[in-house]
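Heads up, the thing below is written out as structure tokens.
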């Protein structure tokens, strides 16, 4: 059984932007995990451990950190409870979270609370990424309120990627996310991975 800490990335996307952002964040987290595994492999073997064995090398990155990338529709309460950190990524639609992401929060919210209303996941770090046309702050505030109710610990300010889409055709068109934004997403995923690896 793999007891490495688990980062859960929950995403919903209509035109591809939020999906690309979530994938970039997952890549960033896995890069940090691979780096950590390589650092472990470089350490001198402990007495009784054969050089080159999995115990000495740390094997793959998922032996030090697991990353789960899940669509919002597929996430169940057990996925939340079993995770150690979270990254939520969704588009802003009409000034608020996209319907599928809001439905995920609605469906799972009370399952993450105990009988007295206390949080079962309180204190765990989280990040937030929003894909928007020109604003994004409404969706970010909405998600932040939910995460505050769960008593999650915000690891960084929300990452809002504005693509400038304003007309119906622009809004509905498939999106390509700028490399600089994808790098920011990778960095946020890496930050959450680093916090888990440090036990924060």
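In our numbering, the protein residues as written are 80 to 279. All C-beta atoms in this analysis are idealised placements derived from N, C-alpha and C, irrespective of residue type, glycine included.
When DSSP labels each residue in this structure, what does residue i get in the three-state scheme?
i           : result
residue 142 : helix
residue 231 : coil
residue 199 : coil
residue 273 : helix
residue 248 : helix
residue 107 : helix
residue 265 : helix
residue 81  : coil
residue 257 : coil
residue 122 : coil
residue 278 : coil
residue 236 : coil
residue 92  : coil
residue 113 : helix
Starting from residue i, follow its DSSP beta bridges and name the residues at the other end.
i           : result
residue 147 : 87
residue 206 : 166
residue 241 : 211
residue 192 : 198
By a C-beta neighbour count over all protein chains shown, 10 Å radius and 16 as the cutoff for buried, is residue i buried or exposed?
i           : result
residue 221 : buried
residue 202 : exposed
residue 102 : buried
residue 251 : exposed
residue 216 : exposed
residue 208 : buried
residue 193 : exposed
residue 162 : buried
residue 100 : buried
residue 132 : Note that residue 132 has pLDDT 38, beneath the 50 cutoff, so the model's placement of it is unreliable and no number is given.
residue 200 : buried
residue 258 : exposed
Below 6 Å CB to CB, which residues in the same chain sit around residue i once its five sequence neighbours on both sides are set aside?
i           : result
residue 225 : 184
residue 92  : 98
residue 240 : 210, 260
residue 180 : 91, 151, 169
Which residues in the same chain as residue i place their Cβ atom closer than 7 Å to its Cβ, once the five residues preceding and following it in sequence are excluded?
i           : result
residue 253 : 94, 95
residue 176 : 169, 218, 221, 222
residue 105 : 88, 146, 148, 268
residue 248 : none
residue 213 : 241, 243, 245
residue 275 : 84, 86, 144, 163, 164
residue 56  : In the structure as shown, the chain begins at 80 and stops at 279. Residue 56 is therefore absent and cannot be evaluated.
Here's a check: name, in chain order, each residue in its chain whose Cβ is nearer than 8 Å to the Cβ of residue i, leaving out the five neighbours to either side.
i           : result
residue 158 : 87, 147, 149
residue 154 : 87, 89, 183, 187
residue 174 : 214, 217, 218
- Entirely enclosed alpha helix (DSSP H) segments - the stretch 155 to 189, minimum 4 residues: 156 to 160, 178 to 187
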